[in-house]
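Inspection log for the structure reproduced underneath, given as structure tokens.
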Amino acid sequence: MNAPNKSGWKPEMNAGDDGMHNGPATVTGNRALMLEEPLLFEIGHAEVTGVDLPEVGQGTSSRLGQFARSEPIGLVGLTEPETMRHYTRLSRQNYAIDLGLFPLGSCTMKHNPRRTGSTRGCA
Amino acid sequence: MRYLPLTDSDRGEMLARIGASSIDDLFVDVPQAARLNGPIDGLPMHMSEMAVERHMRERSKKNLAAADAPFFLGAGAYRHHVPASVDHIIQRGEFLTAYTPYQPEIAQGTLQMLFEFQTQVARLYGCAVANASMYDGSTACWEAVAMATRVTRRKKAVISGALHPHYTETIKTMAKFTGDEIADSAPSLQPQPDNAGLIARIDDQTACVVVQYPDILGRIPDLAAIAEAAHATGALLVAVNTEPVALGAIQSPGELGADIVVGEGQSIGVGLQFGGPYLGLFAVRDPKHVRQMPGRLCGETVDAEGKRGFVLTLSTREQHIRREKATSNICTNAGLCALAFSVHMTLLGEKGLRQLAAENHRLACIAADRLAKVPGVRVLNDTFFNEFTLMLGQDARQVTRILADRGVLAGVSLGRLLPDFEAGAEALLVAVTETTSEEDIETLASALQEVLA
Numbered sequence: 001m002n003a004p005n006k007s008g009w010k011p012e013m014n015a016g017d018d019g020m021h022n023g024p025a026t027v028t029g030n031r032a033l034m035l036e037e038p039l040l041f042e043i044g045h046a047e048v049t050g051v052d053l054p055e056v057g058q059g060t061s062s063r064l065g066q067f068a069r070s071e072p073i074g075l076v077g078l079t080e081p082e083t084m085r086h087y088t089r090l091s092r093q094n095y096a097i098d099l100g101l102f103p104l105g106s107c108t109m110k111h112n113p114r115r116t117g118s119t120r121g122c123a
Numbered sequence: 124m125r126y127l128p129l130t131d132s133d134r135g136e137m138l139a140r141i142g143a144s145s146i147d148d149l150f151v152d153v154p155q156a157a158r159l160n161g162p163i164d165g166l167p168m169h170m171s172e173m174a175v176e177r178h179m180r181e182r183s184k185k186n187l188a189a190a191d192a193p194f195f196l197g198a199g200a201y202r203h204h205v206p207a208s209v210d211h212i213i214q215r216g217e218f219l220t221a222y223t224p225y226q227p228e229i230a231q232g233t234l235q236m237l238f239e240f241q242t243q244v245a246r247l248y249g250c251a252v253a254n255a256s257m258y259d260g261s262t263a264c265w266e267a268v269a270m271a272t273r274v275t276r277r278k279k280a281v282i283s284g285a286l287h288p289h290y291t292e293t294i295k296t297m298a299k300f301t302g303d304e305i306a307d308s309a310p311s312l313q314p315q316p317d318n319a320g321l322i323a324r325i326d327d328q329t330a331c332v333v334v335q336y337p338d339i340l341g342r343i344p345d346l347a348a349i350a351e352a353a354h355a356t357g358a359l360l361v362a363v364n365t366e367p368v369a370l371g372a373i374q375s376p377g378e379l380g381a382d383i384v385v386g387e388g389q390s391i392g393v394g395l396q397f398g399g400p401y402l403g404l405f406a407v408r409d410p411k412h413v414r415q416m417p418g419r420l421c422g423e424t425v426d427a428e429g430k431r432g433f434v435l436t437l438s439t440r441e442q443h444i445r446r447e448k449a450t451s452n453i454c455t456n457a458g459l460c461a462l463a464f465s466v467h468m469t470l471l472g473e474k475g476l477r478q479l480a481a482e483n484h485r486l487a488c489i490a491a492d493r494l495a496k497v498p499g500v501r502v503l504n505d506t507f508f509n510e511f512t513l514m515l516g517q518d519a520r521q522v523t524r525i526l527a528d529r530g531v532l533a534g535v536s537l538g539r540l541l542p543d544f545e546a547g548a549e550a551l552l553v554a555v556t557e558t559t560s561e562e563d564i565e566t567l568a569s570a571l572q573e574v575l576a
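Here the protein sequences line up with chains A and B, keeping their order.
According to my numbering, the first sequence is numbered sequentially starting from 1.
According to my numbering, the second sequence is numbered sequentially starting from 124.
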């Protein structure tokens with residue numbers, strides 16, 4: 001496996017001194033707060049789920065006829081903390097109005113009071 | 124004003140710099156008569172957030188919410204439990220307030236999310252390629268018809284009578300302007316979908332056959348047989364799904380030979396939301412059709428340093444080229460709803476979706492068996508997933524009205540969707556999900572028994 005500092009780069013050296021284009025490699029691929037996030041399908045598993053649902057019972061009646069699924073769908077799941085982490089890390093790769101000025105978009109860049117987002121679910 | 128960042132002294136400084144004495148000086152070119160002086164007639168002044176909350180809470184008391192009653196409504200919009208983390212993620216400002224991802228350098232979060240969403244939809248539908256979403260199921264359905272006419276160079280769409288009537292209406296509305304021929308029919312009220320009748324309507328002028336799976340009455344049509352018949356005449360099969368949870372229990376339309384698979388994604392992650400916004404899903408089985416797809420595609424690429432990145436791709440299909448050459452002029456998507464779908468699907472995963480589907484089906488079977496015991500009630504369906512049709516022997520619109528007054532939301536009457544279809548007046552569509560308790564089922568059964576007696 002990878003040694004923690006394979007290239008032998010030290011802080012007093014300049015980025016690129018080891019012949020790499022953009023400074024030394026890191027173990028995680030992250031560089032300070034610049035995150036590398038793998039694809040969901042690279043980190044998820046078919047047998048992992050982040051919800052609590054009953055196990056599928058055997059021998060229960062079915063009205064699915066000949067159409068019942070027998071083959072896997074090909075989806076993958078993450079646990080709840082892994083899901084939060086995956087999407088929070090992705091969110092940090094976006095620039096957005098909440099981060100600063102965005103002088104674009106006659107169609108979408110209006111001010112929307114935060115309350116409107118939660119009122120839509122008003123029971 | 125809470126959202127205007129400039130102070131009076133900021134304004135004064137800006138006016139002084141440009142040599143204007145007041146803001147009115149900036150409008151001297153607008154004739155006095157055309158100016159708005161004072162508030163807009165009939166539009167109340169703005170209210171504080173606290174006052175708005177109070178107002179909306181009062182208004183909402185006039186609704187009977189799904190969570191506050193035994194609830195069996197479906198017909199294209201389904202009540203499912205949405206994990207709290209879904210809402211938490213979609214409210215993050217970096218997703219909620221990002222611009223459309225035209226600049227990939229500052230939108231990798233949205234673009235990677237869409238790339239993953241497309242893979243989830245493609246796998247769910249049994250297809251090779253899915254797009255980055257459409258407005259909703261009905262408009263996605265129209266886009267599938269339009270795409271089929273481009274691929275086949277034919278003008279006729281044969282629509283199953285058991286397609287959701289709102290979807291059929293959307294197709295007809297759009298076809299008014301394109302001149303395509305839309306051949307629809309009334310639904311057949313039989314225990315099984317009329318596969319043979321639909322196949323008989325396909326001819327060598329047919330661009331596509333549009334079939335809902337499961338259909339509006341909850342029955343599961345034989346897509347493989349319809350696909351074979353469509354392909355024999357050179358037509359495409361468009362499969363429409365309004366309940367994606369079903370695909371955790373039944374075979375995917377792509378596996379069964381559908382060429383274009385479209386549907387409503389609301390069930391996963393989005394919630395009922397008083398009717399919208401919802402989420403259109405769109406996928407094609409054969410990658411050769413990718414350039415005829417509407418909407419956006421997100422693709423994988425590498426940046427100048429060779430690192431993986433994501434971009435909107437193959438955009439020569441869409442609005443960046445001449446309007447008449449574009450495959451569609453839907454240039455935005457339902458991005459935040461797509462994120463909600465993708466997060467919920469990530470939480471479910473293969474295992475959770477299969478469990479969710481099994482639980483929906485188990486409870487629906489219990490409900491169908493229990494309701495069939497109510498005197499005068501007949502369950503129409505031979506097959507169903509989580510929604511089935513009851514024949515009540517009485518006008519279902521009246522029965523649902525009476526039950527609603529008793530605080531039981533019994534289902535959607537077919538007469539509400541098809542007011543002119545008299546033969547269907549006694550049909551009631553009943554949807555059951557994991558949020559339905561066995562107590563709810565018992566409440567519905569006993570209330571129905573009293574009302575029908």
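Every residue gets a Cβ at the ideal spot worked out from N, C-alpha and C, and that includes glycine.
Partner residues on chain B for residue i, Cβ-Cβ distance less than 8 Å
{"i": "M84(A)", "result": "S208, H211, I212"}
C-beta neighbour in chain B for residue i, strict 8 Å
{"i": "R92(A)", "result": "yes"}
{"i": "P113(A)", "result": "yes"}
{"i": "I43(A)", "result": "no"}
{"i": "L78(A)", "result": "yes"}
{"i": "L33(A)", "result": "no"}
{"i": "L101(A)", "result": "no"}
{"i": "H21(A)", "result": "The predicted position of H21(A) is uncertain, since its pLDDT is 47 and thus under 50; no value can be drawn from it."}
Nearest-angstrom Cβ-Cβ length linking residue i and residue j, presumed shorter than 8 Å
{"i": "A32(A)", "j": "G472(B)", "result": "The pair is not a contact, with the Cβ atoms about 32 Å apart (cut-off 8 Å)."}
{"i": "V393(B)", "j": "L402(B)", "result": "6 Å"}
{"i": "A68(A)", "j": "A381(B)", "result": "Wrong, their Cβ atoms sit about 18 Å apart, outside the cutoff."}
{"i": "G44(A)", "j": "G77(A)", "result": "6 Å"}
{"i": "L503(B)", "j": "L340(B)", "result": "6 Å"}
Those residues which DSSP pairs with residue i across a bridge
{"i": "H45(A)", "result": "G77(A)"}
{"i": "I305(B)", "result": "A280(B)"}
{"i": "A230(B)", "result": "N94(A)"}
{"i": "V27(A)", "result": "Note: V27(A) sits in no beta bridge, so no partner."}
{"i": "S536(B)", "result": "L551(B)"}
{"i": "F194(B)", "result": "L532(B)"}
{"i": "A600(B)", "result": "In the structure as shown, chain B starts at 124 and stops at 576, and residue 600(B) therefore has no counterpart that could be examined."}
Helix, strand or coil at residue i [DSSP, three-state]
{"i": "R408(B)", "result": "coil"}
{"i": "V363(B)", "result": "strand"}
{"i": "T220(B)", "result": "coil"}
{"i": "C421(B)", "result": "strand"}
{"i": "Q66(A)", "result": "helix"}
{"i": "T450(B)", "result": "coil"}
{"i": "A269(B)", "result": "helix"}
{"i": "T506(B)", "result": "coil"}
{"i": "M514(B)", "result": "strand"}
{"i": "R501(B)", "result": "strand"}
{"i": "L633(B)", "result": "The first residue shown for chain B is 124 and the last is 576, placing residue 633(B) beyond what the model contains."}
{"i": "C250(B)", "result": "coil"}
Interface residues of chain A facing residue i [CB-CB closer than 9 Å]
{"i": "M297(B)", "result": "Simply none; closest approach about 22 Å."}
{"i": "I343(B)", "result": "R63, L64, G65, Q66, F67"}
{"i": "Q478(B)", "result": "T49, V51, L53, P54, E55, V56"}
{"i": "Y126(B)", "result": "H111, P113"}
Neighbour list for residue i in chain A, Cβ cutoff strictly below 7 Å
{"i": "F218(B)", "result": "S91, N94"}
{"i": "H203(B)", "result": "Near H203(B) there are no residues of chain A at all, since even the closest Cβ is about 11 Å away, more than 7 Å."}
{"i": "L289(B)", "result": "It is His, not Leu, that sits at residue 289(B) in the sequence shown. Within 7 Å Cβ-Cβ: nothing; H289(B) doesn't reach chain A, min ~21 Å."}
Residue i at chain A interface by Cβ criterion, 8 Å
{"i": "I373(B)", "result": "yes"}
{"i": "R408(B)", "result": "no"}
{"i": "L138(B)", "result": "no"}
{"i": "Q231(B)", "result": "yes"}
{"i": "C460(B)", "result": "no"}
{"i": "C421(B)", "result": "no"}
{"i": "L247(B)", "result": "yes"}
{"i": "R493(B)", "result": "no"}
{"i": "D505(B)", "result": "yes"}
{"i": "A481(B)", "result": "yes"}
{"i": "M514(B)", "result": "no"}
{"i": "L129(B)", "result": "no"}
Interface partners of residue i on chain B, CB under 9 Å
{"i": "E47(A)", "result": "G472, E473, K474"}
Contacts of residue i in chain B (Cβ-Cβ under 7 Å)
{"i": "L207(A)", "result": "This structure leaves residue 207(A) out entirely; chain A is present only between 1 and 123."}
{"i": "G117(A)", "result": "Q214"}
Residues that residue i contacts on chain A, provided the C-beta gap is smaller than 8 Å
{"i": "M468(B)", "result": "L75"}
{"i": "V334(B)", "result": "The premise fails here: V334(B) is roughly 13 Å from chain A at the closest Cβ pair, so nothing lies under 8 Å."}
{"i": "Q241(B)", "result": "Here the premise fails: no neighbours, minimum Cβ distance about 11 Å."}
Residue-level contact to chain E via CB, residue i, 8 Å cutoff
{"i": "M168(B)", "result": "The chain inventory of the structure shown lacks chain E, comprising the protein chains A and B."}
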